[in-house]
Each structure stands twice: as structure tokens, then as C-alpha cells.
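Structure first, then comments.
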Amino acid sequence: MDAKERRQYEQLVLTPIPRLIPRLAVPTVVSMMTTMIYNLVDAYFVGKLGTSAAAATGVLMSVQAVFQAIGFMLGHGSGTNISVGLGAGDRDGATVYLSTAFFGGMVISGVLMALGLAFLTPLMWALGSTATILPYARIYGAYMLVAGPALTMSCVLNNVMRYEGRASYAMIGLVSGGVLNMVGDPIFMFGFGMGIAGAGLSTALSQYLSLGILLYMFLSGKTISRVRISRVARRSYEWMHIFRNGLPSLLRQVLNATSTVVLNLSAAPYGDAAIAAMTIDGRVMMLFGSVLIGIGQGFQPVAAYDYGAKKYARLREAAVFTWRVSEVLLCVCAVLGWVYAAPVVRLFRDDPDVVSVGVVALRCMCVAVVAQPLSVVANMTFQSIGRSREASFLASLRTGICYIPVLLVMPHVWGLFGIQSAQMIADILASAISLPFLVSLFRELPPDDEPSPTDQAYQAAVAAER
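For what it's worth, my numbering labels the leading residue of the sequence shown as 9, then goes sequentially.
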């Protein structure tokens, strides 16, 4: 066990959970919130161009979600293998898994970008664009497609860093890109008179800056794993391990993209104002959700490493602690969102039709926020320990199995309110379904921690130092 592995063991096994998870979660929460904030900044400045322009950013959310889906699948899939392997004392596969995920993501996202640019107009129609939204969607969409490969590869690197317990490094890369985007939006859009093209260019440049900084961390030796094209896996089972463990993330992101398209199509009969309102509310909820996802991503490396090191009681403690902290913070967010719903929507688009639709939907989503922590913690627990079948099912609940049917059925029952309340209903259902899965897992695992090869390696390293 070398010095980096020893520090990782001391951090992920010996540090008390109430200190460890906040320490890992804070950089990730900051990273996630920065990403969401610069999405909100895009929505704020683009909203000044008109309701149809504001709606165009909602149409393109699904494109970003697809590129994120590839990155999260490969990042979580490789990161889980890396962290569980390091917890079990196996270091050799880290560079293989990372290199495979990184270069695999480069190829897949490059192909998606080329196809999207080649069929740009049909793609915008398919994603829910209307005739008035289309001109804005085509311009903004071209930049989002060009930025896609950078987003995918950044997601891979960011997630592997977290699984190594180096979330602060990931925060540097993501925050730097976010700050550039927030500064660049008004300069390109209004200073250079580029309009919505300026928002797209600013976002694309910020994505590539983040990628460059994150990649530097790996190339400069600040991590255990390395990016080496010569170490890309040549055996199918290593690819399968990545895809299997990353499948829950892929499903979650693809269903998120699909549900966005269904939402846009369902809202279209109510006009551009309805699409714009749901887009604004969705971005606000992504900001609240970034708190939850950030805390959960601080929990995941602990869960994966401790499971590999056979620290089962510690795994349970970490999951319960993560749920409790998330619930408290999300309740605070929900209260703020409910009370200030009208000013928040009006901030992005001061259109009476947008505000009237957005306020009701935002308050329904605030109820949904309170239900989310249980389902997210359950999903992340199963994914972190490599139980991909259960994790894939749980990942499909919020934005797929529960949400899409509700979104298709409820407008026929309650009209516009059926669209506004769909996420609330889906989140409550998802949490109710997730609870027995998590309870069953806790009963199934051994009740106490057990000795592991990692413990022996650490004790030998400490004895040798003495």
C-alpha cells in the first residue's frame, strides 16, 4: 500500500461518517450548484430575448442530458469498479477502467455530435420545438452539440475523481467553467450582439475549459488512476463491467431526456408560455436537486470503498446519515421555493402567462423535493455496491416508470394542472417503491464489519513505518 492508497484508506474507512460525508459532499455540492447556476444564468439572459427563446433552452435540455447520460454511465461505471477495487486492495485496474471510459466517451459523444449536426432541424422538431421556437432552437442546439463531447468526457473525469475521494479537484474544474459561462453570457449575447448564439458559444467554451482543467489533474499525477490510450481495455469483460455498473446512471439520464421531450410535447398545446414556464421551473428544481445529488455523490465513494473493504455497518451508517442530512436541506429549499415562487419565475421571464403557469408548477415541485432524498439514496446505494439490476430499476422510477405515464395520463384528467403536478406525483410514488428495497438490503448485508485484505495492507504499512 503506497502513500496515496494509505491516505485513501484513512479517509474512507477511519474518518467518522458525520465528518467524512460533508467533507466529500461540499466540493461536489459546490460543483453541482455552479453547473446549475450557470444553466440558470443562461435561462436568465436568454429570457430577455423573448418567451420563444426561453422555451428553446428547455427544448435543448434533453440534448445536454443525453451527453451527460453517456458521461455519467462511463464515469459511474468505471468509478464504481475503481473504488470497490481499491477498497479490496486491487490498484492495477484503475488506469484501465478510467482510460477505457474516457476514450470510449470521446468516440461515442463524437458520433452523437456529428449525427445531431447532420440532422439538426428534424432533431429540434422531434424534441418538442414549435414553429416559433425553432429558429432559436437550431442556433442554440448547434452549440450544445459541439459542446457535447466536452460535457461527456468531463462527466467521466469528474465522477472518477469523486470515487477516488478527490472531489475538491473536480470542483476546481467545474467551477472554473461555470464562472467563465456566467461572465461570457452577457459579453457574447449583448456586448458582441450575438443573441442566443452568444449564450451557446459561452456554454461551449466553458465546457471545454472544464475538460482541460479536469484532464490536467489526471495527467499531472494528482490521482491514483491515469488517462492512457495504451491502457484502453482490450477484453470485453472490462467493458461490460463499466456498462453494467454505469447502466443505472444511463437509464436515469436517458429517461430524464425522454421525460423532457414528453413534457415539451404535452405542454405544447398550451403555448410557448407553458413550455417556457416548465423550463424555468425545471432549472430551478435542478438547482435544488444539485444539493441532493451533490450530497449523494459525496456518499457514493464511501459506500463503494467501504463495501469493498467489508465495512457493512459503516455502509449502513453512511446511507442513513446521507438521507437525514439531505432531507433537512431539501425541506429548507422546498419552503423557500414555495414562498418565493412568483418572484423566482418572474426573475427569468416577466410574462403574466409564464408566471401564472410557473408558480403553480413550482409549488408542486417543491412538494416533490421533500420526497426525493429516499429514492435517490436508495438508488445510489445499490449502484455504489455494484448491484446494477436493482439500481437500474430504482434509477428508472422518478423520470421514467412513474413520471412518464403520469405525464401522459394526468393532462387528460386535470388539464394543465396534470402537467404542473406530474413530478410531485411521480416523486412520491418513487420514494414509496424505493423504501422496501433499501430496508431489504440492510437486512441482507452482514450486521457488522469484517476483516479485509485492505485492512491487512494498511496495518502492514503502518507497522513498516514504525
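By construction, the Cβ of each residue, glycine as well, lies at the ideal position given by its N, Cα and C atoms.
This one's a predicted model, so the numbers in the text were calculated from it and none came from an experiment.
Task: Three-pair Cβ contact test at 8 Å for the stretch 146-163 versus the stretch 106-123 - done: yes
Task: Rounded distance between the beta-carbons of ALA312 and SER117, thought under 8 Å - done: About 25 Å; that fails the 8 Å criterion.
Open item on the list: Classify GLU18: buried if its beta carbon has 16 or more other beta carbons within 10 angstroms, exposed otherwise.
Closed with: exposed
Open item on the list: Could you check whether the stretch 21-38 touches the stretch 296-316, counting it as contact only if at least three pairs of C-beta atoms, one from each stretch, sit closer than 8 Å?
Closed with: yes
Open item on the list: Going by beta-carbon coordinates alone, are CYS341 and VAL377 separated by less than 8 Å?
Closed with: yes
Task: For THR389, the first and last residue of its enclosing alpha helix (DSSP H) - done: 360-392
Open item on the list: What residue range does the alpha helix (DSSP H) around THR287 cover?
Closed with: 280-316
- [ ] Report yes if the CB atom of ILE237 is closer than 8 Å to the CB atom of GLY181, and no otherwise.
- [x] no
Open item on the list: Between the alpha carbons of MET418 and TYR411, how many angstroms are there, rounded?
Closed with: 10 Å
Task: GLY345, DSSP secondary structure in three states - done: helix
Open item on the list: Distance check for ILE441 and THR389, CA to CA, integer angstroms please.
Closed with: 15 Å
Open item on the list: To the nearest angstrom, how far is the alpha carbon of ALA434 from that of THR407?
Closed with: 8 Å
Task: Exposed unless 16 or more other CB atoms sit within 10 angstroms - verdict on LYS230 - done: exposed
Task: Alpha-carbon to alpha-carbon, LEU263 and ILE78 - done: 12 Å
- [ ] Using the Cα positions of LEU337 and ALA126, report the straight-line distance between them to the nearest angstrom.
- [x] 44 Å
Task: Reference ILE250, options ARG234, THR138, GLY85, closest by Cα - done: GLY85
Open item on the list: Given this structure, state the Cα-to-Cα distance separating VAL414 from VAL421, to the nearest angstrom.
Closed with: 10 Å
Open item on the list: Just verifying my parser: in three-state terms, what is the DSSP assignment at GLY208?
Closed with: helix
Open item on the list: Just to confirm, is the Cβ distance from LEU443 to GLN380 under 8 Å?
Closed with: no
Task: Coil, strand or helix - ILE141 by DSSP - done: coil
Open item on the list: Between the alpha carbons of LEU416 and ALA282, how many angstroms are there, rounded?
Closed with: 16 Å
- [ ] Output yes or no for whether 8 Å exceeds the beta carbon distance between GLY66 and THR287.
- [x] yes
Open item on the list: Mapping the DSSP letters down to three states, classify SER162 as helix, strand or coil.
Closed with: helix
Open item on the list: Our contact map puts PRO194 next to PHE53 with C-beta atoms below 8 Å; I'd like the distance itself, whole angstroms only.
Closed with: 6 Å
TODO: Might you give, ordered along the chain, the residues of its own chain that have their beta carbon closer than 6 Å to the beta carbon of ALA61, omitting 5 neighbours on each side?
DONE: VAL54, TYR144, ILE204
Open item on the list: For TYR151 and SER448, what's the separation of their Cα atoms in angstroms?
Closed with: 46 Å
- [ ] Consult DSSP for LEU443 and reduce its assignment to one of helix, strand or coil.
- [x] helix
Task: Other residues of its chain near SER70: CB distance less than 7 Å, five sequence neighbours each side excluded - done: LEU135, ALA265, THR268, VAL269
TODO: Go to ARG252, then tell me how far its alpha helix (DSSP H) extends in each direction, as first and last residue.
DONE: 244-275
- [ ] Please classify ALA241: does DSSP put it in a helix, a strand, or coil?
- [x] coil
Task: CB-CB length for ASP463 against ALA321, believed under 8 Å - done: Going by Cβ atoms, the distance from ASP463 to ALA321 rounds to 14 Å, so no, they are not a contact pair.
Task: Residue from TYR315, ARG291, GLU335 with nearest C-alpha to LEU68 - done: ARG291
Open item on the list: With H, G and I counted as helix, E and B as strand and the rest as coil, what does DSSP make of SER218?
Closed with: helix
Open item on the list: I'd like the list of long-range same chain contacts for LEU259, defined as Cβ closer than 8 Å, with 5 residues on each side in sequence excluded.
Closed with: SER400, ALA403, SER404, GLY408
- [ ] Buried or exposed for PHE200, please, with buried defined as at least 16 other CB atoms from any protein chain shown within 10 angstroms of its CB.
- [x] exposed
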